[in-house]
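Residues are numbered in the numbering used here as their position in the sequence shown, beginning at 1, plus a constant of 73.
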Amino acid sequence: MAQAKRIVECVPNISEGRDEEIIKEIATEIEKVKGIKLLNIDSGKAANRTVMTFVGSPEDVVEAAFCCVQKSSQLIDMRQQHGAHPRIGVTDVCPLIPISGITLEECASLACTLAERIATELKVPCYCYEAAAKIPERRNLAVCRKGEYEGLKERMMIPKEFPDFGARPWDEAMARTGCTAVGARNFLIATNFNLNTTSIPYANEIAFDVREKGRPLRVGGSLVGKIMKDVNGKNIMIPGTLKATKAIGWYIDEYGIAQVSMNITDINVTPLHIAFEEVCRCAQKRGISVTGTEIIGLIPKQTLIDAGRYFLEKQNCYNDVSEDEIIQVAIKTMGLNDIKQFNPHDRIIEYLL
74 MAQAKRIVEC
84 VPNISEGRDE
94 EIIKEIATEI
104 EKVKGIKLLN
114 IDSGKAANRT
124 VMTFVGSPED
134 VVEAAFCCVQ
144 KSSQLIDMRQ
154 QHGAHPRIGV
164 TDVCPLIPIS
174 GITLEECASL
184 ACTLAERIAT
194 ELKVPCYCYE
204 AAAKIPERRN
214 LAVCRKGEYE
224 GLKERMMIPK
234 EFPDFGARPW
244 DEAMARTGCT
254 AVGARNFLIA
264 TNFNLNTTSI
274 PYANEIAFDV
284 REKGRPLRVG
294 GSLVGKIMKD
304 VNGKNIMIPG
314 TLKATKAIGW
324 YIDEYGIAQV
334 SMNITDINVT
344 PLHIAFEEVC
354 RCAQKRGISV
364 TGTEIIGLIP
374 KQTLIDAGRY
384 FLEKQNCYND
394 VSEDEIIQVA
404 IKTMGLNDIK
414 QFNPHDRIIE
424 YLL
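What follows is the structure in structure tokens.
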């Protein structure tokens with residue numbers, strides 16, 4: 074039996090979503106690496122962030138990822154960077170994702186090697202997260218990104234907060250580039266649920282209802298009271314309703330709406346359609362409607378097929394339905410065309426490989 078071709082995906086998140094020339098230059102640098110296929114570029118002005126997706130052999134992907142960080146560091150200055158999305162550097166995160174013929178553990182080893190090279194050659198300090206984490210707590214990206222870019226200067230004075238590679242006192246070079254989180258993970262879905270409100274507090278309430286981490290328990294059960302602590306002085310948390318999810322609420326000026334921004338880190342635990350319905354339920358409790366869903370980057374075909382079948386079953390529709398029709402049901406029901414055109418042939422990863 075023929076061995077599966079070794080394919081790795083990389084999804085660097087660049088802290089620039091407004092300057093099209095900078096985005097184009099970085100994309101060109103990635104495509105210069107022989108054997109690399111750049112599948113998607115997804116930019117957001119309010120988030121001031123661009124998500125690029127490319128695939129290739131492990132060696133080619135690691136080289137392209139390095140080139141991406143290098144070019145981003147030359148073109149972006151974090152001292153002038155502001156946006157709605159949390160970030161710690163010009164290339165905020167750079168995950169490696171196993172697609173075929175390679176394990177997550179192998180990707181983790183590649184990620185650590187890449188992080189060390191970035192720190193050594195580019196002088197950009199790196200944290201390693203998810204499967205590549207060298208410190209257990211740093212499996213959680215939020216721990217690596219604690220305090221965002223603005224908190225890095227202080228973190229560089231605290232040994233337990235030092236990056237995994239390239240730790241040094243804060244200087245002008247680090248002020249310009251910030252740090253990078255390099256990791257290895259399985260496929261996740263990045264999505265934003267559109268709300269018919271401009272209220273960030275409402276969006277955050279919904280996000281806290283659903284995200285796995287939940288919200289702190291407060292005195293009297295209120296939303297604004299004093300946070301209750303356990304015997305070790307840690308916040309007592311009320312878990313959210315959706316496992317394997319992270320979420321925040323924000324306002325996106327270019328759309329004129331608030332969104333619940335979510336990462337689904339394990340689509341086998343929480344499928345997209347279940348997340349959509351739960352966000353709808355929590356929004357409706359507050360008199361708010363979810364008008365649609367924005368997918369960031371690419372999505373597996375099976376995710377939309379599972380969603381389409383789920384919604385068809387709710388309609389008691391068991392007739393023969395083609396795969397394309399099932400996908401269209403998912404697109405229409407979850408409102409994937411609400412604020413941007415969603416073309417499945419450009420956004421489903423299997424169609425692009």
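All residues carry an ideal CB built from backbone N, CA and C; glycine is no exception.
Return the CA-CA distance between residue i and residue j, expressed in angstroms with no decimal places.
| i | j | result |
| --- | --- | --- |
| P236 | C199 | 5 Å |
| V106 | E82 | 14 Å |
| E285 | L377 | 23 Å |
| E136 | T193 | 15 Å |
| K219 | R211 | 10 Å |
| E386 | F238 | 50 Å |
| P159 | N277 | 15 Å |
| Y328 | A77 | 43 Å |
| L261 | I300 | 31 Å |
| V216 | R228 | 12 Å |
| I80 | L290 | 44 Å |
| G108 | F127 | 10 Å |
| V283 | F415 | 25 Å |
| S295 | T338 | 29 Å |
| C390 | I340 | 24 Å |
With a CB to CB cut of under 7 Å and the five nearest residues on each side skipped, what residues in its chain are close to residue i?
| i | result |
| --- | --- |
| Q357 | none |
| K144 | E98, I99, E102 |
| I400 | L377, I378, G381, P417 |
| C201 | A184, C185, A188, K207, R211, D237, V255, G256 |
| V402 | G381, F384, L385 |
Cutting at 6 Å between CB atoms, please list the residues of its own chain near residue i, excluding the five before and the five after it.
| i | result |
| --- | --- |
| M125 | P85, I114 |
| P168 | V84, G256, R258 |
| F281 | R288 |
| V333 | F266, A276, I279, A280, A320, G322, V352 |
| P171 | L177, C180 |
Looking only at C-alpha atoms, which of the options sits nearest to residue i?
| i | options | result |
| --- | --- | --- |
| I96 | A331, M230, V163 | V163 |
| E104 | C217, N389, G129 | G129 |
| S146 | I87, R160, G360, E93 | I87 |
| D150 | T314, G239, T250 | T250 |
| M335 | A246, Y328, G313 | G313 |
| I347 | G329, E327, L315 | L315 |
| I330 | E367, I372, A320 | E367 |
| K319 | E189, I109, T343 | T343 |
| I412 | V363, R291, Q401, I400 | V363 |
| M230 | W243, A317, N392 | W243 |
| L187 | H155, A157, D133 | D133 |
| I404 | R420, N389, G224, K233 | R420 |
| E93 | K110, R122, G108 | R122 |
| Q388 | N341, S395, L290, T406 | T406 |
With a threshold of 8 Å on Cβ separation, who are the neighbours of residue i within its own chain once the five nearest residues in sequence on each side are excluded?
| i | result |
| --- | --- |
| V142 | P85, V163, T164, C167, I191, L195, V197, T253 |
| K302 | N308, I309 |
| Y424 | K374, P417, H418 |
| D393 | none |
DSSP state of residue i, grouped into three classes?
| i | result |
| --- | --- |
| A240 | coil |
| C252 | coil |
| A331 | strand |
| S146 | helix |
| A120 | coil |
| M310 | strand |
| N305 | coil |
| P159 | coil |
| T126 | strand |
| F415 | coil |
| V181 | Inspection of the sequence shows that residue 181 is occupied by Ala rather than by Val. Here A181 sits in helix by DSSP. |
| R212 | helix |
| D326 | coil |
Rounded to the nearest angstrom, how far is the Cβ of residue i from that of residue j, given a contact under 8 Å?
| i | j | result |
| --- | --- | --- |
| I273 | G306 | Incorrect: roughly 29 Å between the Cβ atoms, too far for contact. |
| N269 | I361 | 6 Å |
| A263 | G174 | No, A263 and G174 are not in contact; Cβ-Cβ is about 25 Å, not under 8 Å. |
| E221 | I161 | 6 Å |
Using a Cβ-Cβ distance cut-off of 7 Å, determine whether residue i contacts chain C.
| i | result |
| --- | --- |
| D411 | The structure shown has no chain C; it contains just one protein chain. |
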